[in-house]
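Asker: Chains as they are written, first to last, in this note's numbering: chain W, 1 to 509; chain Z, 510 to 816; chain U, 817 to 1143; chain A, 1144 to 1494.
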Amino acid sequence: MSAILEVRNITKRFPKVVANDNVNLTVERGEIHAILGENGAGKSTLMNIIYGLYKPDSGQLIFDGEELNLSGPHEAIEKGIGMVHQHFMLIPVFTVAENIVLGAEPKGITYDRKKANELIREISEKYHLEIDPDAKVKDLSVGLQQRVEILKAFYRKAKLLILDEPTAMLTPQETQKLFEIMRELKQQGMSIIFISHKLEEVLEISDRVTVMRRGKTVGTLKTKETNEQELANLMVGREVVLRIEKSEYKPGDVVLSVKNLTVVDQQNVTRVKDVSFEIREGEIFGLAGIDGNGQLELVEAIMGLRPKKSGSVFFYGKDVTNFSTRQLYREGISYIPQDRQADGLVLDFTIAENLILREYKDPTYSRRGVIQYKKVYENAEKKVKEFDVRPPEYMLKARNLSGGNQQKVILAREVGYNPKLLIAVQPTRGMDVGAIEYIHRRILELRDKGAAIFLVSLELEEIMSLSDRIGVIYKGQLMDILDGKTATKEQIGLLMAGSRFDKTTLEAR
Amino acid sequence: MKEILLNPQLWAATLAMATPLALPALGGTFSERSGVVNIAMEGIMLIAAFFAVMFAHMTGNAWIGLLGAIVVGLIVALIFAWAAVSLTANQIILGMAINIFASGVTAYLLNTIYGFTGTPVDTPMLPTVEIPIIKDIPFVGHVLSGHSVIVYLMIIILFISDYFLFHTNLGLRLRAVGENPEAAETAGIDVIKLRYLGVALSGLLSAMGGAYLSIGALNSFNPDMTSGRGYIALAAMIFGKWTPFGSFGASLLFGFATALSMQLQNTAFSKNLIMMLPYALTILALVGIGGKSVPPAADGVPYTPKK
Amino acid sequence: SSKTKQESTQPQQTTEANKNKNFKVGLVTDVGGINDRSFNQMAYEGLQRAAKELGVTVNVIQSKQMTDYVPNLTNFAQQGYDLVISVGFMMHDATEEVSQKFPNTKFLIIDSEITDRPNVASAMFKEQEVGYLAGALAGLVEKEKVGKVKGTNIIGAVGGMQIPPVDRFIAGYQQGAKAVNPDIKILINYTNNFNDPAAGKQMALTQISQGAEIIFQVAGGTGEGVIKAAQEKNLYAIGVDADQSYLAPDNVLTSAVKRVDVAVYDVIKDALNGNFKSGIMYFDLKNNGVGLGKINKDVPQSIIDQVNQLAKDIIDGKIQVSDKISK
Amino acid sequence: MKNLWKELYIPIVAVLVAIIIGSIIMLATGFNPVKAYVSLFIGAFGNLNNIANTLANAVPLILTGLGVAISFKTGLFNIGAEGQYWIGAIVAVWIGYSFSLPWYIHIPLALIAAMIAGGLWAGIVPGLAKAYTGANEVITTMMMSYIAIYFSHFLLEFGPMMEKGSTIPQSPLIKDSAVIPFLIKNTQLSYGIFIALAAAIFVYWFMFKTTWGFEMRAVGYNQRAARYAGMNVPLNMVFALGLSGAFAGLAGAVQMLGVQHRLYDSFTSGYGYTAIVVALLANNHPIGVIFAAILFAALGTGSQYMQLNAQVPGQMADVITGLIVFFVAAHRIAEVIKDLLARKQKKEVKA
Ligand SMILES: Nc1ncnc2c1ncn2[C@@H]1O[C@H](COP(=O)(O)OP(=O)(O)OP(=O)(O)O)[C@@H](O)[C@H]1O
Ligand SMILES: Nc1ncnc2c1ncn2[C@@H]1O[C@H](COP(=O)(O)OP(=O)(O)OP(=O)(O)O)[C@@H](O)[C@H]1O
Ligand SMILES: [Mg+2]
Ligand SMILES: [Mg+2]
């Protein structure tokens, strides 16, 4: 039997780069084929070509034995190609069902909501992906949104399913669940292309791996015959340090102290319930938890971005409960928000301007209300070099940077001023191993200089490898605080799911 | 005051003044739901108002006049769509350009075709409709019956619009395109085609609004006779949160305030202060109901298909 | 022989025609533009008639904004136009300014008084006089319950904006109606717009709902809606500026005609023949500068006679019509 | 050189297309397009006086355009510059005729008061409503615009600002001490042009060089990021709308003190609406506003002259203006034409 998909000599140029340079790839029937590559290696571009979104400049696609000449995604869908995009292709104000059936609604002129819901219930049962078809997508957690994306592909009865970084925003549990589904699909004979930056995931789920670097395919390996280090090296083209060495834990004074903090949202639903913890100098305090359990509300309340219902916050013993965001920054707090594009950057500002987005009123950069652009550019030049922002042109708009480099700009801004406390939410989301390595190194450097770090992440791996102490949050409550050295994945996983394996630890606190 | 509110003419005028706002406002709902801000509605109304008279007079049939107006309105809308959607030009500038053009071209045609005495007196008008039974109910009859047929068409279109936008597959797709064209495209939807559809519908309904002014309420064309209704319709649509019934409601509010200011002019107040009423009431209502209205996410943003 | 005759007369005609052709008249409209259904349009018609009948060269600039007035008048003057016409009181300041800079150019301004310039003529209309007759006619029709009127003894006037020419019409209307029918009630409304017939129609319907049976429109394009409303409700409207009886022969009671076209034509003719006179020229009932248009067939001769008598009295100075509206 | 051509050919082709289509229309209706366009150009730039009048017409457009650009740049859609212009004009004229002061106090006082008034008109109702109830500023500024115009009718039509003893609804003339003198005799160009240019430079400096401008732009581009960076978003919105209104108000004042010298009863000035197009054509850049305003002013003065010298009726001038603006916006039509030509060539080569 022939392969389900053959990619032959595909080339795709964009104005400034060759995104795909003579790419070849074969996906066999019923296999899970992983594709690895650094940010910007050309993975998504290739997938978009297979899905009919981009037209290749040259090359051929053979799908299911016939040559494809796609005029758009609708044809790809018709042929049986489904794709879950790296960036969600969802309409937040639509319901789950509307999102799923959009473009392939149940026959008729009228939108048949009943029928649509029924069809969705069917497939969601079949694949064990429960979801409420009438929920609005904007009210769903990221994990559930991911689920909607996957259901969208299933609904269209794909023979080949492309998953472009589906796990970037999933919790470990959700990832495992996705893998189960993928295995089941494989059993049923479906072919899957799986893209991820997480090597251990690739090793766990795939049959074969193709590695891309700078638009070219550098090789296809059998998963069983390779390992993390080999893949990482192949990807980056050099030796990569996968495990970062952490220096000794030497906690100092208490920097941040949160006492009995409770936060309710606009609908008066309690999001954070009576949370208390402390972070000390030279310490990384990791907050683990499944997405949507109050992490964001907690951080935003601390940062003065959200009203607190009760409780107080102290910074070096000073009551900062009612400080504004700006006042908190002035105290020496830095903040890397979760969503770099929506919260962290003004995409239409230059890199240089984004680097002073908080500090523009600082006497270093402005005098009597006039910004000293010479100083701003000097600073930018230095930071861009120091943090290896590529391309190193600070007059470029942030919009024109890749996501990884956008994150570096935020990092440069927040870490670059030597804060006393850094609050980092999901600092490495969607980044490749090289970039993650870099960011982690900077965070550890900061800790070693004596700063306190509050790390919020959905990646258990990240929390466990960096944190000195780990708090676990579930439904707005801090379940427990564990020692970073001794805590196990299972322990944390259970707490994240809401079961207190040891009540005494909690009460003793 | 009670006397004024009990005057059926107040309510009849409300409906009559609301109609040429509601039609383009409904049209704008379609266009903006598909992601295109159509300021050109003002100009399309004006052009349609002229051609409605021209075709009606030429053929002696007001219905053909209406049809002709709609065809011309569609043509202008499609030209706008071509530049705004296919060439991704700035929608506001384009709209303004069309409005300047419309004001000039209609006055020019009026002069060259009809001379100074204006459009012919024997231009037929669209019929008015007396609703059986209702027309004989004292107060209600005066308010609801006896309007131009376009008023009733508008009501029917209102329901169809709501149904179309929120209960049909095509409506779903149209809204998807205005919310997230990229997502729509990956779902296999032709974004460009649907945006053309949205703009075309706004052209069609604006044209009807224009025809209402020239051969519905009257049987003549006057230069600039739309007097900014296309713009106010846009405000009504925003006020109505981009929904058909909301747009209609806002148009009614505006029509009511205008009618009320007409009734109040002969009272002790300065007439010019009273004429502010429609505008002031609109602001008050907007602020009062917490006027937060969220436009379709991709409203006004040109989209270039990826391939 | 006919051939020779032609040959002999032609040169003479040509020189005459040349002389006229070399006489250049420029007309600057105010921002209302030629299609205002009011004085700009009438002035333009007078100009066209002069071009056709006198053979003078004419040209028009329609001002887009108020700041165009001075440049437009200046441009005509600079290009050697013999007579430059400003239409509307809004151009008063501009005409004053430009006429001072170009003392050799003659100017005519419509609807505004400029008295102290030897090169400026002002054409003023006694709209109040014809307004008076229209009002008297309406008052009598109400009083005697003529034709479609039921006798509510309420009449109305719908003005465009509250500007002097409009108010003069309405002032006369008020006085005329009161003079023949002291108990009559007169509703006065303004639409604040000269180009919104749809609003004019609703305004008229509003007056009708308040009992008005005859409505005088003084609102340019907006007024067409007033006439339409009267037609729909089968009552009466009174036209303005031009004879508007043709718009709805059954329902237009009469029209208060203001012969801006005649004024323009006459001044052009005078200027062409070297008879240009500066200062204010009044156009009134006496010199047929204003007058009633066609009177509706419903109106009995007795009423027409009474109105004609009033006209005579005004012409003879027995009745003085004020140009101010009384509250 | 080649690069410059690359930059310029698209707008140039766009204008050419507009000119060609305009020509077709003129030919079809019996006018000489060459004569028309020549007089359009001469009318706009043909001699010193015409240039002066063009610049004079550009002054209110620059100032209102700046106002609109400020609001657009900060993510707000102030389409009520027309009303703010009227309010500024009203206040400036009132101060102009009510007080007797030395000119160096009188003029600045009138200008500043007009700016404050325009700023409050936009900042108080639309600004606060937007910041605290989320009321859409498109509606509120538009409505406030109509209210301002009726307010001026109220003042002038037998109201408190009507000239005593006159029947004409206009204000008294402002005192000589409040008049901004003409720069070139026999034209409409006053020293107001320098105020407009200075304003453009000020706005450029303010928006791009000061911390306040930085904040306002940040809020405009990304409210959330601005809030996360510790900025006060509602305050910036109110201030942005206020500043926007202040420049529209200044436009009214400069026009009154420099050109009209009194307030007339009118429907609209039209500046507030043209300003929107001016700002957008300039991509909301203050310096670009100057050029976009001059383009529109040139089309305006030129089209008046075109009526005079090519006998093209005023309405046709609007038609052509509309076409030019349309094709400048739809400048990508140049690419379409290029593609068409290329395809044709290919076909020919094949054949
Ligand atoms: N729309 C576009 N226009 C221009 N260039 C693009 C566009 N999309 C992608 N590119 C270029 O193509 C390259 C490949 O991008 P692509 O998105 O395929 O990378 P990727 O491998 O998916 O990266 P990641 O792992 O971060 O998702 C990018 O580095 C970029 O230079
Ligand atoms: N629409 C576009 N137009 C021009 N350039 C683009 C466009 N989209 C992406 N690029 C370019 O592509 C490069 C990579 O973009 P991309 O979003 O794929 O980054 P990435 O490395 O995949 O980021 P992420 O970490 O978010 O996956 C950037 O350098 C950017 O300049
Ligand atoms: Mg990417
Ligand atoms: Mg990618």
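Backbone N, C-alpha and C define an ideal beta-carbon position, used for all residues, glycine too.
Using the beta-carbon of each residue, which ones in chain A are nearer than 7 angstroms to Ile371(W)?
Answerer: In chain order: Lys1352, Thr1353, Thr1354 and Phe1357.
Asker: With respect to 6 angstroms, is the separation between the Cβ of Val17(W) and the closest non-hydrogen atom of ligand 1 below this value?
Answerer: Because some heavy atom of ligand 1 lies under 6 angstroms away, the Cβ of Val17(W) counts as near it: yes.
Asker: Suppose you measure from the CA of Ser817(U) to the CA of Glu832(U); what does that come to, to the nearest Å?
Answerer: Reliability of the predicted coordinates at Ser817(U) is poor, the pLDDT of 39 falling under 50, and the value obtained from them is presented with this limitation in mind. Spanning the two alpha carbons is a distance of roughly 23 angstroms.
Asker: Less than 7 angstroms between the C-beta atoms of Phe757(Z) and Leu653(Z), yes or no?
Answerer: Cβ atoms of Phe757(Z) and Leu653(Z): not closer than 7 angstroms.
Asker: How would you call Ile1155(A), buried or exposed, if buried means at least 16 neighbouring beta carbons within 10 angstroms?
Answerer: Ile1155(A) should be labelled exposed.
Asker: List the residues of chain W whose Cβ lies closer than 7 angstroms to the Cβ of Asn1200(A), in chain order.
Answerer: Those do not exist, as Asn1200(A) stays about 32 angstroms from chain W at its closest Cβ, beyond 7 angstroms.
Asker: Report buried or exposed for Val1177(A), applying the criterion of at least 16 other Cβ atoms within 10 angstroms of its Cβ.
Answerer: When all chains shown are included, Val1177(A) counts as exposed.
Asker: Using three-state DSSP, classify Phe673(Z) as helix, strand or coil.
Answerer: It is helical.
Asker: What's the C-alpha gap between Ser2(W) and Pro166(W)?
Answerer: Rounded to whole angstroms, Ser2(W) to Pro166(W) spans 27 angstroms at the Cα level.
Asker: Tell me, to the nearest whole angstrom, how far the beta carbon of Ala232(W) is from that of Leu199(W); I am working on the premise that it is less than 8 angstroms.
Answerer: Yes, Ala232(W) and Leu199(W) are in contact; Cβ-Cβ is about 6 angstroms, under 8 angstroms.
Asker: How would the residue list near ligand 4 read, in chain order, if you kept each one whose beta-carbon is closer than 7 angstroms to any heavy atom?
Answerer: Output, sorted by chain position: Lys43(W), Ser44(W), Gln86(W), Asp164(W), Glu165(W) and Ile195(W).
Asker: Mind listing, in chain order, the continuous alpha helix (DSSP H) runs of no fewer than 4 residues lying wholly within the region 659–739 of chain Z?
Answerer: List check, alpha helix (DSSP H) in window: 678–688, 690–695 and 700–720.
Asker: 7 angstroms is my cut-off, CB to CB: does Gly749(Z) come that close to chain W?
Answerer: No, because no Cβ of chain W sits closer than 7 angstroms to the Cβ of Gly749(Z).
Asker: Could you give the DSSP three-state label for Ser854(U): helix, strand or coil?
Answerer: Here Ser854(U) sits in coil by DSSP.
Asker: With a threshold of 7 angstroms between beta-carbons, can Pro1312(A) be considered close to chain U, or not?
Answerer: Yes - at least one Cβ of chain U is within 7 angstroms of the one on Pro1312(A).
Asker: Taking all protein chains shown into account, decide if Ile436(W) is buried (16 or more other Cβ within 10 angstroms of its Cβ) or exposed.
Answerer: When all chains shown are included, Ile436(W) counts as buried.
Asker: Using a Cβ-Cβ distance under 7 angstroms, would Ile77(W) count as near chain Z?
Answerer: It does: the Cβ of Ile77(W) has a partner Cβ on chain Z nearer than 7 angstroms.
Asker: When you compare only the Cα positions, how much space is there between Asn891(U) and Gly1395(A)?
Answerer: About 26 angstroms.
Asker: Rounded to whole angstroms, what is the Cα-Cα separation between Ile100(W) and Leu683(Z)?
Answerer: One C-alpha to the other measures close to 15 angstroms.
Asker: Within 10 angstroms of the Cβ of Arg441(W), are there 16 or more other Cβ atoms? Answer buried if so, exposed if not.
Answerer: Per the 10 Å Cβ criterion, exposed.
Asker: What residue from Ile439(W), Met479(W), Gly450(W) and Gln477(W) has the CA that sits closest to Ser465(W)'s CA?
Answerer: Ranking the options by Cα distance to Ser465(W), first place goes to Ile439(W).
Asker: Taking the alpha carbon of Ile1167(A) as the reference point, which residue from Lys1489(A), His1474(A) and Val1462(A) has its own alpha carbon closest?
Answerer: For Ile1167(A), the nearest C-alpha among the options comes from Val1462(A).
Asker: Under 7 angstroms between beta-carbons, which chain Z residues line up against His1296(A)? List them in chain order, please.
Answerer: Neighbours of His1296(A) on chain Z, chain order: Asn781.
Asker: Quick one: is Lys1017(U) buried, meaning 16 or more other Cβ sit within 10 Å of its Cβ, or exposed?
Answerer: Under this definition Lys1017(U) is a buried residue.
Asker: Evaluate Leu1021(U) with the Cβ neighbour count: other Cβ atoms within 10 Å of its Cβ, from every protein chain shown; 16 or more gives buried, anything less gives exposed.
Answerer: Leu1021(U) comes out buried.
Asker: Out of curiosity, what's the CA-to-CA distance linking Ala592(Z) and Ala1473(A)?
Answerer: Going from the Cα of Ala592(Z) to the Cα of Ala1473(A) covers about 6 angstroms.
Asker: Just checking: is the beta-carbon of Pro133(W) within a distance shorter than 7 angstroms of some beta-carbon in chain Z?
Answerer: Taking Cβ atoms only, chain Z never reaches closer than 7 angstroms to Pro133(W), which makes this a no.
Asker: Below 8 angstroms on the Cβ atoms is my contact criterion, and I expect Asn20(W) with Ile49(W) to pass it. Report the Cβ-Cβ distance as a whole number of Å.
Answerer: Right, their Cβ atoms sit about 7 angstroms apart.
Asker: Helix, strand or coil: which one does DSSP assign to Ala807(Z)?
Answerer: Looking at Ala807(Z) - three-state DSSP - the assignment turns out to be coil, as it is neither helix nor strand.
Asker: Among Gln944(U), Ala1064(U), Leu956(U) and Asp1129(U), whose alpha-carbon lies nearest the alpha-carbon of Val1137(U)?
Answerer: Looking at the Cα atoms, Gln944(U) is the closest of the given residues.
Asker: Given a cut-off of 7 angstroms on the beta-carbon distance, is the pair Ala1453(A) and Ala1179(A) in contact?
Answerer: Cβ atoms of Ala1453(A) and Ala1179(A): closer than 7 angstroms.
Asker: For ligand 1, I want to know if Gly72(W) counts as a neighbour, meaning its beta carbon is within less than 6 angstroms of at least one of the ligand's heavy atoms.
Answerer: No, the Cβ of Gly72(W) stays beyond 6 angstroms of every heavy atom of ligand 1.
Asker: How is Glu67(W) classed by DSSP in three states: helix, strand or coil?
Answerer: In the structure shown, Glu67(W) sits in a strand (DSSP, three-state: E or B).
Asker: Distance cutoff 7 angstroms, beta carbons only. Does Ile91(W) sit that close to anything in chain Z?
Answerer: With 7 angstroms as the cut-off, Ile91(W) counts as an interface residue toward chain Z.
Asker: Which of the three DSSP states is assigned to Met1097(U) in this structure?
Answerer: DSSP places Met1097(U) in strand when its eight states are reduced to three.
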